[in-house]
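Taking it in order: structure first as structure tokens, then the write-up.
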Amino acid sequence: MIRLLILAFLLGAGSVLRADPVPALYDVTGVAFNDVLNMRAEPSGSSEKLGELAHDATGVEVVDLTLDGTWGRVNAGEGSGWVAMRYLARRPDHPTLWMTPRLACFGTEPFWSLTIDQGDSARFEPLADQPRTVPAGTLQPGVGVINRFMIALGDNLAVIRQEQCHDGMSDRAFGLDISLVLDGTLYSGCCSLVAD
């Protein structure tokens, strides 16, 4: 009997044990051609308006959702705000890759950036040194964890986690955290999904 209960629990938990639905890319939909999608300070239609998205905006990265999924956090300029999810349509997932083919990552203190083209190359650009390009593998999910991925970058490695990340320099919000080991040095920062 106990074995049946454990099996039932594990089967039922399967739907809960999944990666977060964000970050993900969306396209604005259902907004009139002469209107905009308002970006709010809080997830409420009566909250202060911070900005707007065009009626035909595409490749909008949603980095967080309210618990009920009706509002999504997006970035615009150096800040972030909330938009009504009923006006966003999620782009289909890539058929063979986790997340998007391209990721843009960066960190502060020291300042650096990393552009990853999965299965091709990655370009690391430190502020105080010469940029370099290394081969890039593809994101591989962790074993026994649902929100961690690793990617080989030549002889180096990066671990990317689906979790809230802040750069400490702006009011932008990110849905991916990166720990990058490059030539024996550990860098940490945030990443964004890049639309095609």
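As numbered in mature numbering (1 follows the signal peptide of the UniProt record, and there is no 0), residues -19 to -1, 1 to 177 make up the sequence shown, in order. By construction, the Cβ of each residue, glycine as well, lies at the ideal position given by its N, Cα and C atoms.
Put simply, the stretch 100 to 116 does not touch the stretch 36 to 56. Fewer than three CB pairs are less than 8 Å apart. The C-alpha of residue 94 is placed about 6 Å away from the C-alpha of residue 86.
Nearest neighbour of residue 69 by Cα position, chosen from 148, 125, 9, turns out to be 9. Residue pairing for residue 106: DSSP places it in a beta bridge opposite 94. Residue pairing by DSSP places residue 158 opposite 142, 171 in a beta bridge.
Excluding residues up to 5 positions away in sequence, 87, 88, 89, 155, 170, 171 lie with their Cβ nearer than 8 Å to the Cβ of residue 148 in the same chain. DSSP places residue 67 within a helical segment (H, G or I) once states are collapsed to three.
Assignment of residue 124 by DSSP, reduced to helix, strand and coil, places it in the coil class. At least 8 Å separates the beta-carbon of residue 61 from that of residue 177.
Shown here, residue 116 sits in a strand according to DSSP, grouped into three states. In the structure shown, residue 137 falls within a strand segment according to DSSP collapsed to helix, strand and coil. Secondary structure note for residue 20: its beta strand (DSSP E) is the uninterrupted segment 17 to 21. Counting along the chain, residue 88 sits inside the beta strand (DSSP E) bounded by residues 83 to 88.
Rounded to the nearest angstrom, the Cβ distance from residue 119 to residue 143 is 16 Å, too far for a contact under 8 Å. Taking the Cβ atoms as the reference, residue 34 lies roughly 16 Å from residue 174, outside the contact range of under 8 Å. One alpha carbon belongs to residue 101, the other to residue 26, and they sit about 43 Å apart. In the three-state reduction of the DSSP assignment, residue 26 falls in the coil class.
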